[in-house]
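Residue numbers (this note's numbering): 15 to 512. Working notes for the structure below.
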Amino acid sequence: MTLTFDPHQIAETLYHGQFCPMFIDGKDVPARSGEVLNVVDPASNRALATVPCGGAEDVDAAVAAARRAFEGAWSKFTPYDRQEVLLRIADVMERDWEKLCVSDTADMGLPLARTLGNKRRVIGMLRFYAGQAVALHGDVIENSVSQSMFSFTTREPVGVVGAIIPWNAPTAASIWKIAPALATGCTVVLKPSEDAPLTPLMIARLMQEAGVPDGVVNVVTGTGREAGARLAEHPDVNKVVFTGSTATGKTIARAGVENLKRITLELGGKSPLIICKDADIDKAVPVAAMAVYAHSGQICIAGSRLFVAREIQDEFIEKLAAFARGLKIGHGLDEGTDLGPLINRVQTEKVEGYIAAGKAEGARLVTGGARPEGEGYDGGNFLEPVIFADVTDDMTIAREEIFGPVISVLPFDTMEEVIARANATPYGLAAGIFTRDLSTAHRTVKRLKAGSVWVNMYHAIDPAVPFGGLKMSGYGKEGGVEHLQAYLDTKAVWIQTE
Ligand code: NAI
Ligand code: MG
């Protein structure tokens, strides 16, 4: 990738330790308490900016604004008007795409080539839902009550949506939640992660520029424990859409029960990637590596349980280790960086704890696991990518979501066995298989219990294709036409015609 701009310079212009207010009812506001949160660059742990540490009273103000907008100005927008707004948002975000990506990378570390590369998925999502906004419809249904009775359904927006997102993809997660809300006529209060709140604030302002009326999209920065918890329990929030850990997802589902909110949960995973003995090894190695290392392992779909056919495991591990050692670790804004930092110190230590557990429980450390030393690594949360071999299903590293650059290689002998082992997890977000045999692929896809299954590749996501997990990975889909249904209520209407 050759850049035509200097990302560090853009980052410095955007964030130089200043206060970035939150966005409620179309206005820049501080927290009512006056408290702030420090926002840092995980590659250096240096301060980027401060944001308001919003509390319950700020969430209440944002929900009230969202309710007023829902019943007021926004309700006057026809589907065609909402489509135009979504298309304008896509245009202004496309215009500022590099700035948005620099902001994301500075705040959460994902290498810039990857944030830039998400353009289709994010801008495409806005344009996809712009199309859907004018395709909403109810049905006329024949009833048997009486021939003089006419029955039909209408689809109405659920109302105020609370969106709670993690730090690993702030721009994509914001759009994945806001775009369907705007397409259906809902309004939104978004609570970004305290670890990466900056880009969602920028996005809210771009939406205002694109013609989104005040109060339709509000962003409250703050902690999960206070701002997040208030949004999840708020009696005037009709729906919550959440991406994050399974533990927090459960808390949110419990909090929502009080007013029976509709809830969509996109949670963690421990996804299996199966390499069959007839796989194209040279094609599979880089895919298997990046299925985990893409965001230093901090992706919900990380293919962290790598099942490799025993016949080919020596060759596979050797090539995988060579690939891992060749990856360049560095600041996400530096050209050529393959692996950025982990999000914070706590996460880094947590991952190191898993690496220690892997060794203690008898897995063989093939490569990685140390903090890289030298220029550029001082003060950042860097870890060398890890491969463990001889991993067994009962080991901690094979069972728990690590959210770090750790691949566990688990050998297998038969397809019957590997399918059962792949499914023997509480999670069900994603899975993958490499094989040249079409019937093996089909048979295995059918039996894998996961929301997305990739064959001879990994990681593909598209606005039109639904994405979401099974089991403890959550419920509901994002993306695709299906996602819209979660933002709509159905009303049945009966008319006596005589
Ligand atoms: P988290 O699930 O605690 O946080 C995600 C979002 O939920 C943040 O905006 C946070 O402020 C909010 N939140 C936290 N507690 C809340 C509560 N009680 N009520 C309402 N909102 C709340 O995840 P965190 O702390 O960032 O990461 C911890 C672990 O979670 C990671 O190590 C990883 O294993 C997992 N995780 C999984 C993600 C995924 O995409 N599946 C994304 C982020 C984290
Ligand atoms: Mg940050």
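Backbone N, C-alpha and C define an ideal beta-carbon position, used for all residues, glycine too. No experiment lies behind these values; they were computed from the predicted model shown.
Environment of Ala45 [buried if 16+ CB atoms lie within 10 Å] | Reading the sequence shown from its first residue, position 31 is the one you call residue 45. Buried, because 16 or more other Cβ atoms sit within 10 Å of the Cβ of Ala45.
Member of Pro477, Arg109 and Gly490 whose CA lies at the smallest distance from the CA of Ala464 = The residue labelled residue 464 in the question sits at position 450 within the sequence shown. Selected option, being the one with the closest Cα: Gly490.
Of the residues Glu349, Thr406, Val271 and Ala445, which one's Cα is nearest the Cα of Leu124?
-> Here residue 124 refers to the residue found at position 110 when the sequence shown is read from its first residue. Comparing Cα positions, the closest option is Glu349.
Return the residue from the list Gly69, Thr406, Leu347 and Ile369 that minimises the CA-CA distance to Ala246.
-> Taking the first residue of the sequence shown as 1, we reach residue 246 at position 232. Comparing Cα positions, the closest option is Gly69.
Can Tyr472 and Val301 be called in contact, C-beta distance under 8 Å?
-> In the sequence shown, counting from the first residue as 1, residue 472 sits at position 458. In the sequence shown, counting from the first residue as 1, residue 301 sits at position 287. Going by C-beta atoms, Tyr472 is nearer than 8 Å to Val301.
Residue range of the beta strand (DSSP E) that includes Ser165 | The residue given as residue 165 occupies position 151 in the sequence shown. That run of the beta strand (DSSP E) goes Met163 to Pro171.
At a cut-off of 7 Å, is Ser207 close to the ligand NAI when judged by its beta-carbon and the heavy atoms of the ligand?
-> Your numbering for residue 207 matches position 193 in the sequence shown. True, at least one ligand heavy atom lies under 7 Å from that Cβ.
In three-state DSSP terms, what is Phe256?
-> In the sequence shown, counting from the first residue as 1, residue 256 sits at position 242. Reduced to three states, the DSSP call for Phe256 is strand.
Pick out every residue whose C-beta is nearer than 5 Å to a heavy atom of the ligand NAI: which are they, in chain order?
-> Ile178, Pro180, Ser207, Gly238, Gly242, Ala243, Ala246, Gly258, Ser259, Thr262, Thr265, Gly282, Cys314, Glu415 and Phe417
Gly95 in three-state terms, based on DSSP = Residue mapping note: residue 95 aligns to position 81 of the sequence shown, counting from 1. Residue identity differs from the one stated: residue 95 is Asp in this sequence, not Gly. Residue state, collapsed to three classes: helix.
Ignore the nearest five residues each way along the sequence and tell me which others in Ser487's own chain have a CB closer than 6 Å to its CB.
-> Here residue 487 refers to the residue found at position 473 when the sequence shown is read from its first residue. Leu281, Gly283, Tyr441, Gly442 and Leu443, listed in sequence order.
Beta strand (DSSP E) segment containing Leu424, residue limits | Residue 424 sits at position 410 when you count from the first residue of the sequence shown. Note, Leu424: beta strand (DSSP E), Val420 to Phe426.
Quick one: is the Cβ of Pro21 within less than 7 Å of any heavy atom of the ligand MG?
-> Taking the sequence shown and counting its residues from 1, one reaches residue 21 at position 7. No.
Would the beta-carbon of Val423 fall within 8 Å of that of Val251?
-> As a position in the sequence shown, residue 423 is number 409, starting the count at 1. As a position in the sequence shown, residue 251 is number 237, starting the count at 1. No. Outside cutoff.
Alpha carbon to alpha carbon, what distance is there between Ile313 and Gly48?
-> Stepping through the sequence shown from its first residue, residue 48 is reached at position 34. Stepping through the sequence shown from its first residue, residue 313 is reached at position 299. Approximately 33 Å, taken between the alpha carbons.
Alpha carbon to alpha carbon, what distance is there between Glu398 and Ala384?
-> For the purposes of this step, residue 384 is taken as residue 370 along the sequence shown, with counting starting at 1. For the purposes of this step, residue 398 is taken as residue 384 along the sequence shown, with counting starting at 1. C-alpha separation (whole angstroms): 6 Å.
Coarse secondary structure for Thr511, derived from DSSP in three states | Reading the sequence shown from its first residue, position 497 is the one you call residue 511. It is coil, neither helix nor strand.
Just confirm the distance between the C-beta atoms of Gly236 and Asp72, as a whole number of angstroms; I'd bet it's less than 8 Å.
-> As a first step, residue 236 must be located in the sequence shown, where it is residue number 222. As a first step, residue 72 must be located in the sequence shown, where it is residue number 58. Their Cβ separation, rounded to whole angstroms, is 7 Å, which keeps Gly236 and Asp72 in contact under 8 Å.
Cα-Cα separation between Arg81 and Ile331, rounded to whole angstroms | Numbered from 1 along the sequence shown, position 67 holds the residue referred to as residue 81. Numbered from 1 along the sequence shown, position 317 holds the residue referred to as residue 331. Answer to the nearest angstrom: the Cα atoms are 55 Å apart.
Can you list, in chain order, the residues of its chain whose CB lies under 7 Å from that of Ala269, leaving out five sequence neighbours each side?
-> Sequence index remark: in the sequence shown, residue 269 carries index 255 (1-based). For Ala269, where only same-chain residues beyond five positions count, the Cβ hits under 7 Å are Ala243, Ala246 and Glu247.
Would you give the residue range spanned by the alpha helix (DSSP H) that Phe84 belongs to?
-> Along the sequence shown, one-based indexing puts residue 84 at 70. Ala70 to Glu85 is the span of the alpha helix (DSSP H), which, as asked, contains Phe84.
Residues bridged to Glu280 (per DSSP) | Counted from its first residue, the sequence shown places residue 280 at position 266. For Glu280, which the question treats as bridged, DSSP gives the partners Thr257 and Gly488.
So is the beta-carbon of Asp118 under 7 Å away from any non-hydrogen atom of the ligand MG?
-> In the sequence shown, the residue the question calls residue 118 occupies position 104. Flag unset: Cβ of Asp118 not near the ligand MG.
Going along the chain, which unbroken runs of the alpha helix (DSSP H) with 4 or more residues stay wholly within the segment 411-486?
-> 429-437 and 452-461
Do you know offhand how far Ala338's Cα is from Gly145's?
-> Taking the sequence shown and counting its residues from 1, one reaches residue 338 at position 324. Taking the sequence shown and counting its residues from 1, one reaches residue 145 at position 131. About 41 Å.
Tell me which same chain residues have a C-beta within less than 7 Å of the C-beta of Trp468, skipping the five on either side of it?
-> Translated into the one-based positions of the sequence shown, residue 468 becomes position 454. Correct list, in chain order: Gly446 and Ala474.
Selection from Val432, Ala75 and Phe84 that minimises the alpha carbon distance to Val9 = Lying before the first or after the last residue shown, residue 9 is absent from the chain, which here runs from 15 to 512.
In terms of residues, what are the limits of the beta strand (DSSP E) holding Met409?
-> The residue labelled residue 409 in the question sits at position 395 within the sequence shown. From DSSP, Met409 is part of no beta strand (DSSP E); its letter is neither H nor E.
Pick out whichever of Thr262, Val271 and Asn132 has its Cα sitting closest to the Cα of Glu108.
-> Taking the first residue of the sequence shown as position 1, residue 108 is located at position 94. Of the listed residues, the one whose Cα sits closest to Glu108 is Asn132.
For Ala336, count neighbouring Cβ atoms within 10 angstroms of its own Cβ and tell me buried if that reaches 16, exposed if not.
-> Walking along the sequence shown from the start, residue 336 turns up at place 322. Exposed: under 16 other Cβ atoms inside 10 Å.
Taking just the CA atoms, how far does Lys113 sit from Gly173?
-> Taking the first residue of the sequence shown as 1, we reach residue 173 at position 159. Taking the first residue of the sequence shown as 1, we reach residue 113 at position 99. Computed Cα separation, rounded: 32 Å.
Examine the ligand MG and report whether any of its heavy atoms sits within less than 7 Å of the Cβ of Ala210.
-> Locating residue 210 in the sequence shown gives position 196, where the first residue counts as 1. It does: the Cβ of Ala210 is within 7 Å (strictly closer) of some heavy atom of the ligand MG.
Could you tell me whether the segment 81-94 touches the segment 204-214, where touching means 3 or more Cβ pairs closer than 8 Å?
-> no
Just checking my contact of Ala25 with Leu100 at CB under 8 Å: how many whole Å lie between their CB atoms?
-> On the sequence shown, position 11 is the one that residue 25 refers to. On the sequence shown, position 86 is the one that residue 100 refers to. Between Leu100 and Ala25 the Cβ distance is about 28 Å, and since that is not below 8 Å, they are no contact.
Relative to the ligand MG, is the shortest distance from any of its heavy atoms to the C-beta of Val507 smaller than 7 Å?
-> Taking the first residue of the sequence shown as 1, we reach residue 507 at position 493. No.
N-terminal and C-terminal residue of the beta strand (DSSP E) that Arg60 is part of = Translated into positions along the sequence shown, residue 60 becomes position 46. Where Arg60 is concerned, the enclosing beta strand (DSSP E) stretches over Arg60 to Pro66.
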